[in-house]
Amino acid sequence: MTVSVTRRRVIFDHDGGIDDLLSLLLLLRMPNIDLVGVCITPADCYPDDALTSTLKILTLCGKNDIPVVVGNKTGPNPFPPDWRAQPRICHSLPAMLRVQETQSNHSGVPAHQFIRDILQHSDTPLTVLMTGPATNLMWALHDHPVLFDKVEEVVWMGGAIDVKGNVAMHDHDGSAEWNAYWDPAATAWLLASGLSVCLVPLDATNALPVNRDFLCELAACNTPVSDLAGQFWAATVTAIPTYEFTYFMWDILSTSILGLPTHAYERETGTLSASTSAPQAGRVYRDPQGGEVSWVASVQAQEARRFVLQHLCGEF
Ligand code: AGV
Ligand code: CA
40 MTVSVTRRRV
50 IFDHDGGIDD
60 LLSLLLLLRM
70 PNIDLVGVCI
80 TPADCYPDDA
90 LTSTLKILTL
100 CGKNDIPVVV
110 GNKTGPNPFP
120 PDWRAQPRIC
130 HSLPAMLRVQ
140 ETQSNHSGVP
150 AHQFIRDILQ
160 HSDTPLTVLM
170 TGPATNLMWA
180 LHDHPVLFDK
190 VEEVVWMGGA
200 IDVKGNVAMH
210 DHDGSAEWNA
220 YWDPAATAWL
230 LASGLSVCLV
240 PLDATNALPV
250 NRDFLCELAA
260 CNTPVSDLAG
270 QFWAATVTAI
280 PTYEFTYFMW
290 DILSTSILGL
300 PTHAYERETG
310 TLSASTSAPQ
320 AGRVYRDPQG
330 GEVSWVASVQ
340 AQEARRFVLQ
350 HLCGEF
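In my numbering, the protein residues as written are 40 to 355.
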């Protein structure tokens, strides 16, 4: 007897950071997910690096038929160049160098156009998982209201609601999270869009720092997948332990939400807006006049870590 599982069809829009790439690896290993396309937002990365790493991960996982596109839309507040360069290390690791990435699944179609085409041609609504700014989705749906019904849910790593943000810039008061700040207009649009939105804000991800205990547990798996993931994460530890520069499982938690049992986190619903001007650009705040969305308010850290360790262990 075969047990049939309905898999969730997902478009993944990421912005090439180390935890974005780890999230792609995790997503490809989640049995309930049917990944239909990958988009790269040129935000916390240099897009050529992000594309190379994305194609290599897909090839390593035997999923090199999944289409990959890069976005040509940008927000007004660029990420620091050092952060954008950091993920280059990922495609320079031996296991990533050894794999000759397939290129035929990459096309020059701009990401927003690609998302629009997929939604247009899909008979069933899709989930959009975004671990970078919301820019591509905003442009995809721009002037295409009929496509809203094709979006089942948007899960977005972004925002800081009841906690401080992680933007430290001269024209900012620190109240915003970076994905929300990169393109404040896209953030404001998403919250007001009326789509079914689930934010994964810093409120939840703060419970999941990438600490040495976690890295030790991952190392103990001692498998090709856990070793590659551990090497990716090792490239982030020079940031520990100052708060502003601690690396968290931001995108990893957002991805895990698509597979974690609902008792593992608390989901809150309310009305939120986003500021679009200095010194609070990208700040997400409770607003009675805001759009109704939900967000992950807290997470059972132990359960989330176990989920990640389980899925990032094994052979390719
Ligand atoms: O604000 C979190 C978002 C996530 O999507 N990114 C990193 C994750 O991919 C921006 C960011 C905040 N702090 C950072 C970031 C840091 N110390 N290094 C790199 N990126
Ligand atoms: Ca990201």
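Where a beta carbon is used, it is the ideal one built from N, C-alpha and C, also for glycine.
- Between the segment 325-339 and the segment 237-247, the count of Cβ pairs shorter than 8 Å is three or higher; the stretches touch.
- Excluding the 5 residues flanking it on each side, Lys203 has same chain C-beta neighbours closer than 7 Å at Gly213 and Ser214, in chain order.
- Exposure of Thr163 is indicated by the presence of fewer than 16 other C-beta atoms within 10 angstroms of its C-beta.
- Rounded to the nearest angstrom, the Cβ distance from Glu354 to Thr262 is 6 Å, consistent with a contact under 8 Å.
- Note on the segment 288-333: whole alpha helix (DSSP H) runs with a minimum of 4 residues are 289-295, in chain order.
- Straight-line spacing of the CA atoms in Thr170 and Gly321 works out to 15 Å.
- Residues of the same chain with a CB within less than 7 Å of the CB of Glu307, apart from the 5 flanking positions on each side, are Ser333, Trp334 and Ala336 in chain order.
- A straight line joining the alpha-carbon of Thr294 with that of Arg46 spans about 15 Å.
- For the options Glu305, Leu351, Pro300 and Ala179, the alpha carbon positioned closest to that of Leu254 is the one of Leu351.
- Taking non-hydrogen atoms of ligand 1 into account, the C-beta of Met196 is found less than 7 Å away from one of them.
- In the three-state reduction of the DSSP assignment, Cys100 falls in the coil class, being assigned neither a helical nor a strand state.
- By DSSP's assignment, Trp195 forms a beta bridge with Met169 and Leu238.
- If one requires a minimum length of 3 residues, the beta strand (DSSP E) runs lying completely within the segment 199-259 are 236-239, in chain order.
- In terms of side-chain proximity, the C-beta atom of Gly114 is found no nearer than 7 Å to any non-hydrogen atom of ligand 2.
- The beta carbon of Asp188 sits closer than 8 Å to the beta carbons of Pro164 from its chain, once the five residues preceding and following it are set aside; these are given in chain order.
- Considered as a whole, the segment 62-132 harbours 86-99 and 120-124 as its complete alpha helix (DSSP H) runs of no fewer than 4 residues, in chain order.
- Pairing Ala303 with Leu67, the inter-Cα distance amounts to about 21 Å.
- The closest CA to that of Asn103, considering only Leu94, Gly110 and Pro81, is found on Leu94.
- Residue state for Ala336 is assigned as strand, using DSSP reduced to three classes.
- When beta bridges are read from the DSSP output, His160 appears opposite no residue.
- In terms of side-chain proximity, the C-beta atom of Gly56 is found nearer than 7 Å to a non-hydrogen atom of ligand 2.
- Boundaries around Asp52 are those of the beta strand (DSSP E), Arg47 to His53, since no alpha helix (DSSP H) includes it.
- Among the bridge pairs identified by DSSP, His145 is matched with Val107.
- About 19 Å separates the CB atoms of Asn144 and Val167; that is not less than 8 Å, and the two are not in contact.
- Tyr220 and Val239 have their C-alpha atoms spaced approximately 15 Å apart.
- Per the C-alpha coordinates, the member of Arg123, Ser131 and Ala89 positioned closest to Leu267 is Ser131.
- Short note on Thr170: C-beta closer than 7 Å to some heavy atom of ligand 1.
- Of all C-beta pairs linking the segment 56-66 to the segment 74-91, three or more are shorter than 8 Å, placing the two stretches in contact.
- Excluding sequence positions up to five before and after Leu230, its CB lies within less than 8 Å of the CB of Val236, Leu311, Ser312, Ala313, Val323, Gly329, Gly330 and Val332, all in the same chain and listed in chain order.
- Between the alpha carbons of Asp52 and Val109 lies a distance of about 9 Å.
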